[in-house]
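Chains as they are written, first to last, in UniProt numbering: chain A, 1 to 277; chain B, 1 to 292; chain C, 1 to 251.
Even for Gly, the Cβ is constructed at its ideal location relative to N, Cα and C.
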Amino acid sequence: MSTYFAGLLADIGILTLGALSVYIILSTGQLSLGNAGFMGIGAYSASWLTVEAGVPMTLAVVIAAAVSGVVGVIVGFPALRLKGIYLAMATLGFGEMVRSFFLNFGPTGGAAGYHGMQIISVGYIWAWTGGLVVLVMVLERSRLWLGLRAVHDDETAAELIGLDAVALKVGAFGFGAAMAGISGALFAHHHLYIEPSNFGFQHSIELVLAVILGGSTIAPGSIFGAGLLILLPEYLRFLADWRLAAFGTLLIVILIVRRQGILDRQLYRLIGFGRAS
Amino acid sequence: MLLQQLINGLTLGAVYTLIALSFSLVMGILGILNIAIAELFMLAGFIGITALMAGLPFPLALAAGIAGATVASVVIKFVAYDPVRSSPVITPLLTTLGCSIIIQNVVVNYWGSNPLQLPFEFLGERLRYGPISIGSMQILVMATSVASVAVLGFMIQRTRIGRGLRAAAENRDVARLLGVSAERLTIVAFALSGVLAGIAGVLIGMHYAAITPYVGVETGLKAIAVMVVGGVTRIWGALLAGPLIGIIEVMTIAHGGSQIRDLVVYGLMILILLIRPQGLLGGRSSDTGQRV
Amino acid sequence: MTGETLLSLDRATKRFGGITALDGLSFNVTQGEIVGVIGPNGAGKTTLFNVITGAYTLTSGTISYRGQSIGGLRPHRIAGMGIARTFQNIRLFASMTVWEHLLVAQPRGNGWSHLLPAAMGDKAARRRAEEVLTFFGLEDLRNRDAATLPYGLQRRVEMARALTAGPRLLLLDEPVAGMNADEAEELKSLLVALRDQMGLTILLIEHDMSFVMTLCEYLFVLDFGSKIGEGTPTVVRRDPKVLSAYLGDDE
Numbered sequence: 001m002s003t004y005f006a007g008l009l010a011d012i013g014i015l016t017l018g019a020l021s022v023y024i025i026l027s028t029g030q031l032s033l034g035n036a037g038f039m040g041i042g043a044y045s046a047s048w049l050t051v052e053a054g055v056p057m058t059l060a061v062v063i064a065a066a067v068s069g070v071v072g073v074i075v076g077f078p079a080l081r082l083k084g085i086y087l088a089m090a091t092l093g094f095g096e097m098v099r100s101f102f103l104n105f106g107p108t109g110g111a112a113g114y115h116g117m118q119i120i121s122v123g124y125i126w127a128w129t130g131g132l133v134v135l136v137m138v139l140e141r142s143r144l145w146l147g148l149r150a151v152h153d154d155e156t157a158a159e160l161i162g163l164d165a166v167a168l169k170v171g172a173f174g175f176g177a178a179m180a181g182i183s184g185a186l187f188a189h190h191h192l193y194i195e196p197s198n199f200g201f202q203h204s205i206e207l208v209l210a211v212i213l214g215g216s217t218i219a220p221g222s223i224f225g226a227g228l229l230i231l232l233p234e235y236l237r238f239l240a241d242w243r244l245a246a247f248g249t250l251l252i253v254i255l256i257v258r259r260q261g262i263l264d265r266q267l268y269r270l271i272g273f274g275r276a277s
Numbered sequence: 001m002l003l004q005q006l007i008n009g010l011t012l013g014a015v016y017t018l019i020a021l022s023f024s025l026v027m028g029i030l031g032i033l034n035i036a037i038a039e040l041f042m043l044a045g046f047i048g049i050t051a052l053m054a055g056l057p058f059p060l061a062l063a064a065g066i067a068g069a070t071v072a073s074v075v076i077k078f079v080a081y082d083p084v085r086s087s088p089v090i091t092p093l094l095t096t097l098g099c100s101i102i103i104q105n106v107v108v109n110y111w112g113s114n115p116l117q118l119p120f121e122f123l124g125e126r127l128r129y130g131p132i133s134i135g136s137m138q139i140l141v142m143a144t145s146v147a148s149v150a151v152l153g154f155m156i157q158r159t160r161i162g163r164g165l166r167a168a169a170e171n172r173d174v175a176r177l178l179g180v181s182a183e184r185l186t187i188v189a190f191a192l193s194g195v196l197a198g199i200a201g202v203l204i205g206m207h208y209a210a211i212t213p214y215v216g217v218e219t220g221l222k223a224i225a226v227m228v229v230g231g232v233t234r235i236w237g238a239l240l241a242g243p244l245i246g247i248i249e250v251m252t253i254a255h256g257g258s259q260i261r262d263l264v265v266y267g268l269m270i271l272i273l274l275i276r277p278q279g280l281l282g283g284r285s286s287d288t289g290q291r292v
Numbered sequence: 001m002t003g004e005t006l007l008s009l010d011r012a013t014k015r016f017g018g019i020t021a022l023d024g025l026s027f028n029v030t031q032g033e034i035v036g037v038i039g040p041n042g043a044g045k046t047t048l049f050n051v052i053t054g055a056y057t058l059t060s061g062t063i064s065y066r067g068q069s070i071g072g073l074r075p076h077r078i079a080g081m082g083i084a085r086t087f088q089n090i091r092l093f094a095s096m097t098v099w100e101h102l103l104v105a106q107p108r109g110n111g112w113s114h115l116l117p118a119a120m121g122d123k124a125a126r127r128r129a130e131e132v133l134t135f136f137g138l139e140d141l142r143n144r145d146a147a148t149l150p151y152g153l154q155r156r157v158e159m160a161r162a163l164t165a166g167p168r169l170l171l172l173d174e175p176v177a178g179m180n181a182d183e184a185e186e187l188k189s190l191l192v193a194l195r196d197q198m199g200l201t202i203l204l205i206e207h208d209m210s211f212v213m214t215l216c217e218y219l220f221v222l223d224f225g226s227k228i229g230e231g232t233p234t235v236v237r238r239d240p241k242v243l244s245a246y247l248g249d250d251e
């Protein structure tokens with residue numbers, strides 16, 4: 001495998017996890033525009049652990065996930081008060097605050113960025129991505145996940161039929177944030193150099209984009225969207241200077257034609273992957 | 001010193017106010033976050049500087065920037081808003097993001113990705129009053145902003161279409177009762193939003209005597225914070241919030257290092273969303289938004 | 001078990017701003033009965049359901065269920081104690097099939113089985129869903145998106161969903177609205193069967209007088225948030241206060 005394709009594959013794996021983090025939170029109807037912030041927390045904590053504390057990579061990833069997850073739960077509680085575009089704007093603010101925090105945080109290099117990490121292989125990245133995608137695909141067939149979807153569809157009704165909407169929404173935030181943390185940890189050890197601007201608004205929106213393009217109602221949509229987002233600009237290379245404009249146009253067209261994303265439950269059933277339980 | 005910072009903060013705040021008003025016109029009336037406003041502002045900055053470089057006087061350069069941003073804004077309405085108007089808020093957010101990508105790409109291809117610098121001094125003289133100095137440019141920025149807001153205020157308070165806009169911001173069904181067509185209101189909202197972004201873009205371009213294709217996002221996000229602090233559905237809240245955030249920024253840079261400012265600004269924004277979603281100015285509490 | 005008080009309200013009052021929706025309402029529901037709540041529009045009937053299930057908290061007064069106060073508990077806790085409900089304007093989950101509706105409301109059960117794919121783990125949950133599915137005659141529709149079904153069937157799915165939660169007390173908000181006479185008759189025997197076979201207590205709001213009078217064993221009449229009458233259908237029918245409350249109503 002050429003390094004060029006290995007690089008693309010690694011990017012897809014990392015972006016898939018970031019997209020999944022948005023997907024999980026979105027499954028309860030909460031739109032987060034700040035998940036790159038959770039990625040940043042994971043990236044910086046994992047890097048610090050492997051570089052300064054000599055913690056083995058896998059353990060560092062797990063700890064990074066836990067740290068991001070805890071922050072996610074902490075963010076999840078105030079998030080309960082907000083809905084829709086207001087929640088989106090608040091999470092956007094959170095993401096910018098995290099970026100700004102690392103810009104000022106000396107121990108991890110501040111504006112100068114942070115480096116010294118050991119590189120990880122594409123196989124290692126995909127071991128995480130593959131495992132976590134399978135985990136989410138198993139979970140999303142569970143009754144627990146039906147609860148998340150119930151909260152997404154009608155939160156009041158969900159509570160009145162006995163679902164703990166608070167626990168489900170906060171839990172989803174924590175789980176999603178942990179997922180983003182893992183994505184960030186892998187990102188840092190793939191690129192070997194991180195700086196706060198890696199984890200700003202534009203990255204957050206890229207994660208949302210991957211989910212919405214790929215399909216926001218099922219987990220495989222995240223892989224598909226991540227692949228699309230990484231590969232499309234490559235395939236549009238022949239357009240040279242205009243490839244971004246072409247990408248933007250394609251994005252608008254896809255959203256107009258299929259607002260639920262390219263993959264959805266119906267299509268999934270049709271091609272025979274999803275069992276009709 | 002304090003007074004000097006106040007003036008610098010007000011200049012910055014004036015520009016934030018204009019962009020926040022631009023966001024809030026579309027948000028208040030249609031309930032969508034038009035991300036592309038950040039790039040309209042950048043586009044107008046490029047047009048304005050280019051016009052000045054071509055020897056046009058300031059009013060014409062301003063008009064050219066406004067025209068560019070307004071046309072682009074109305075095009076966005078037809079391309080990225082109309083086809084998805086019935087979908088959840090996330091969809092128009094991303095279609096307008098698509099427009100941002102396109103606008104940025106066009107600008108980079110046309111002007112290049114390096115900053116476009118104004119090669120000559122424009123309104124460079126500074127007026128001194130004891131320890132305070134005000135650039136003529138600062139005066140121009142503030143005067144133009146105040147004039148624009150005054151004209152906008154007149155339109156919204158006194159004209160029929162303005163009453164329709166106000167009614168629609170309060171309640172989207174009331175506007176229909178007033179007999180103003182929803183389609184016309186939507187076009188006017190996008191056009192006015194473009195005008196404001198255009199003015200802000202030209203002003204900021206001239207203020208810094210330079211502009212880059214990547215200036216949009218950072219300033220745009222700040223303007224969203226201003227809109228929120230002022231109260232999303234309260235268009236005039238931005239008049240207070242813009243200068244306030246401008247001054248807070250300048251003050252934190254002066255006292256806490258330049259990078260603390262984003263923590264303060266976005267922290268304030270989140271705080272407002274949580275404890276006072278109707279914005280600083282208050283009034284009855286606004287809706288907490290539709291579901292995604 | 002029959003004869004015991006299952007649900008009891010004591011001077012329950014709910015105000016919204018200046019409007020008093022429930023005004024010192026007191027009543028007891030006896031276990032194993034089918035009880036109707038009637039009254040003109042705006043009498044506070046749906047508010048009553050909302051305070052029982054915890055959607056609203058009372059301004060003053062108490063609600064107790066099986067001798068335990070449930071005022072101020074969060075809705076999911078109250079549902080977990082065995083009170084399930086349907087909604088006046090059907091509230092099904094837009095993304096779910098009929099089958100998924102029957103799995104989502106069931107209590108978590110023991111261990112971690114609810115984390116496994118529903119088609120593999122959670123045998124008890126599937127068995128329960130299967131039973132309810134059969135009971136409501138929805139077997140052929142299990143993979144249909146519930147929200148696309150005709151009105152009458154949607155009401156059934158809602159009732160089935162409520163039942164899978166394993167309630168002792170079932171609250172039905174206008175269960176026959178939009179149903180024709182045959183469907184209403186069918187529903188009536190279904191409800192009687194639920195009580196007889198599963199020992200459920202049923203509290204229902206209904207405007208269809210012939211339905212209420214022939215099904216319910218006991219009635220409460222509400223007007224302006226207060227109880228203006230109660231008793232068996234025969235008694236209520238002759239109550240002059242009830243009659244006058246209904247005179248101005250086009251019901």
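_Cross-strand partners of B:L158 (DSSP beta bridge)_ = Reading the second sequence from its first residue, position 158 is the one you call residue 158 of chain B. In the sequence as presented, Leu is not what sits at residue 158 of chain B; that position holds Arg. Partner(s): none; B:R158 has no beta bridge.
*Would you say A:A79 faces chain C, with C-beta separation under 8 Å as the test?*
Mapped onto the first sequence, residue 79 of chain A falls at position 79. It does not; no Cβ of chain C falls within 8 Å.
*Helix, strand or coil for A:D11, going by three-state DSSP, please let me know.*
On the first sequence, position 11 is the one that residue 11 of chain A refers to. Looking at A:D11 - three-state DSSP - the assignment turns out to be helix.
*Helix, strand or coil at A:E195 according to DSSP, with G and I counted as helix*: Walking along the first sequence from the start, residue 195 of chain A turns up at place 195. Here A:E195 sits in coil by DSSP.
*Using a Cβ-Cβ cut-off of less than 8 Å, list which residues of the stretch 130-156 of chain A approach chain C; keep chain order.*
V138, L139, R141, S142, R143, L144, L146, G147, R149, A150, H152, D153, D154 and T156
*Should C:F135 be flagged as near chain A, meaning a C-beta pair shorter than 8 Å?*
As a first step, residue 135 of chain C must be located in the third sequence, where it is residue number 135. So no, C:F135 is outside the interface.
*Compare the C-beta of C:V104 with all C-beta atoms of chain A and state if any pair is closer than 8 Å.*
Taking the third sequence and counting its residues from 1, the one referred to as residue 104 of chain C is at position 104. So, interface residue.
*Out of curiosity, what's the CA-to-CA distance linking C:G36 and C:P75?*
Walking along the third sequence from the start, residue 36 of chain C turns up at place 36. Walking along the third sequence from the start, residue 75 of chain C turns up at place 75. Taking the straight line from one Cα to the other gives about 22 Å.
*How would you list, in chain order, the residues of chain C whose beta-carbon sits under 7 Å from the beta-carbon of A:L160?*
Numbered from 1 along the first sequence, position 160 holds the residue referred to as residue 160 of chain A. In chain order: T53, A55, P75, A79 and R85.
*Can you tell me which of the three DSSP states A:G76 falls into?*
As a first step, residue 76 of chain A is located in the first sequence; it is residue number 76 there, counting from the start. If DSSP states are grouped into helix, strand and coil, A:G76 belongs with the helices.
*Of all the CB atoms in chain C, is at least one closer than 8 Å to the CB of A:L163?*
Taking the first sequence and counting its residues from 1, the one referred to as residue 163 of chain A is at position 163. Closer than 8 Å to some Cβ of chain C, the Cβ of A:L163 qualifies, so yes.
*Counting contacts by CB-CB distance shorter than 8 Å, is A:T217 in contact with chain C?*
Translated into the one-based positions of the first sequence, residue 217 of chain A becomes position 217. With 8 Å as the cut-off, A:T217 counts as an interface residue toward chain C.
*Which first and last residues belong to the beta strand (DSSP E) in which C:N28 is found?*
Numbered from 1 along the third sequence, position 28 holds the residue referred to as residue 28 of chain C. Taken as a continuous stretch (DSSP letters only), the beta strand (DSSP E) holding C:N28 covers I19 to T30.
_Counting only Cβ-Cβ distances shorter than 8 Å, please list the residues of the stretch 147-181 of chain C near chain A, keeping chain order._
R161, A162 and A165
*Starting from the beta carbon of C:H114, find every residue of chain A whose beta carbon is closer than 7 Å, and list them in chain order.*
Looking up residue 114 of chain C in the third sequence gives position 114. Those are S142, R143 and L144, listed as they occur along chain A.
*asked:* Buried or exposed for A:V22, going by 16 or more other Cβ atoms inside 10 Å?
replied: Position 22 of the first sequence, counted from the start, is the residue given in the question as residue 22 of chain A. So A:V22 counts as buried.
_Burial state of A:D164 (16 or more Cβ within 10 Å)_ = Your numbering for residue 164 of chain A matches position 164 in the first sequence. It counts as buried.
*asked:* Quick test of the definition: if touching needs 3 or more C-beta pairs under 8 Å, does the stretch 225-243 of chain A touch the stretch 146-165 of chain A?
replied: no
_Outcome for B:Y266 when other beta-carbon atoms lying within 10 angstroms are tallied against a minimum of 16_ = Counting from 1 along the second sequence, the entry for residue 266 of chain B is found at position 266. B:Y266 should be labelled buried.
*Please report how far the alpha carbon of C:D145 lies from the alpha carbon of C:R66, in whole angstroms.*
Translated into the one-based positions of the third sequence, residue 145 of chain C becomes position 145. Translated into the one-based positions of the third sequence, residue 66 of chain C becomes position 66. If I take the Cα positions, the gap works out to 36 Å.
*asked:* Give me the DSSP bridge partner(s) of C:F16.
replied: In the third sequence, residue 16 of chain C corresponds to position 16, counting from 1. Note: C:F16 sits in a beta bridge opposite C:I19.
*Do the stretch 190-198 of chain B and the stretch 50-62 of chain A meet, that is, are 3 or more Cβ pairs less than 8 Å apart?*
no
*Assign A:E159 to one of two classes, buried (16 or more other C-beta atoms within 10 Å of its C-beta) or exposed (fewer than that).*
To locate residue 159 of chain A, count along the first sequence from 1; it is residue 159. Buried.
*One or two residues paired with B:A210 in a DSSP bridge*: Stepping through the second sequence from its first residue, residue 210 of chain B is reached at position 210. Bridge partners of B:A210: B:Q117.
*Taking the CB atoms as reference points, tell me whether C:R195 and C:G32 lie closer together than 8 Å.*
Working through the third sequence from its first residue, we reach residue 195 of chain C at position 195. Working through the third sequence from its first residue, we reach residue 32 of chain C at position 32. Yes, the Cβ-Cβ distance between C:R195 and C:G32 is below 8 Å.
*Rounded C-alpha distance that separates A:G131 from A:V170*: Position 131 of the first sequence, counting from 1, holds the residue named residue 131 of chain A. Position 170 of the first sequence, counting from 1, holds the residue named residue 170 of chain A. For A:G131 and A:V170, the distance between alpha carbons rounds to 23 Å.
*Closest to C:G166 by CA distance: which of C:A125, C:M179 and C:F136 is it?*
Here residue 166 of chain C corresponds to residue number 166 of the third sequence, with the count starting at 1. Measuring from the Cα of C:G166, the nearest candidate turns out to be C:A125.
*So A:G184 and A:G40 are in contact, right, with Cβ under 8 Å, and what is the actual spacing, rounded?*
As a first step, residue 184 of chain A is located in the first sequence; it is residue number 184 there, counting from the start. As a first step, residue 40 of chain A is located in the first sequence; it is residue number 40 there, counting from the start. Correct: roughly 6 Å between the Cβ atoms.
*Cβ shell of A:A188 (< 7 Å), same chain only, five flanking positions each side left out*: For the purposes of this step, residue 188 of chain A is taken as residue 188 along the first sequence, with counting starting at 1. Around A:A188: A43, A46, S47, M117 and I194.
*Mind checking if A:T249 is an interface residue toward chain B, Cβ cutoff 8 Å exclusive?*
In the first sequence, counting from the first residue as 1, residue 249 of chain A sits at position 249. Judged by the 8 Å Cβ criterion, A:T249 is in contact with chain B.
*With burial defined as no fewer than 16 other Cβ atoms inside 10 Å of the residue's Cβ, what is the status of A:Q260: buried or exposed?*
Against the first sequence, residue 260 of chain A aligns to sequence position 260. Classification for A:Q260: buried.
_Where C:E100 meets chain A, residues with beta-carbon distance less than 7 Å_ = For the purposes of this step, residue 100 of chain C is identified with residue 100 of the third sequence, where counting begins at 1. Under the 7 Å cutoff, chain A gives L146.
*From what residue to what residue does the beta strand (DSSP E) around C:S64 run?*
What you label residue 64 of chain C is simply residue 64 of the third sequence in a count that begins at 1. Per DSSP, C:S64 belongs to the beta strand (DSSP E) from S60 to Y65.
*asked:* Pop quiz: C:L149 and C:V157 are said to be a contact at Cβ under 8 Å. What is the actual Cβ separation, rounded to whole angstroms?
replied: Residue mapping note: residue 149 of chain C aligns to position 149 of the third sequence, counting from 1. Residue mapping note: residue 157 of chain C aligns to position 157 of the third sequence, counting from 1. With 8 Å as the limit, C:L149 and C:V157 qualify as a contact, their Cβ atoms being about 7 Å apart.
_the stretch 52-66 of chain C / the stretch 7-16 of chain C touching (three or more Cβ pairs under 8 Å)_ = yes
*So, are the CB atoms of B:P213 and B:Q104 less than 8 Å apart?*
In the second sequence, the residue the question calls residue 213 of chain B occupies position 213. In the second sequence, the residue the question calls residue 104 of chain B occupies position 104. Cβ distance < 8 Å, so B:P213 and B:Q104 count as in contact.
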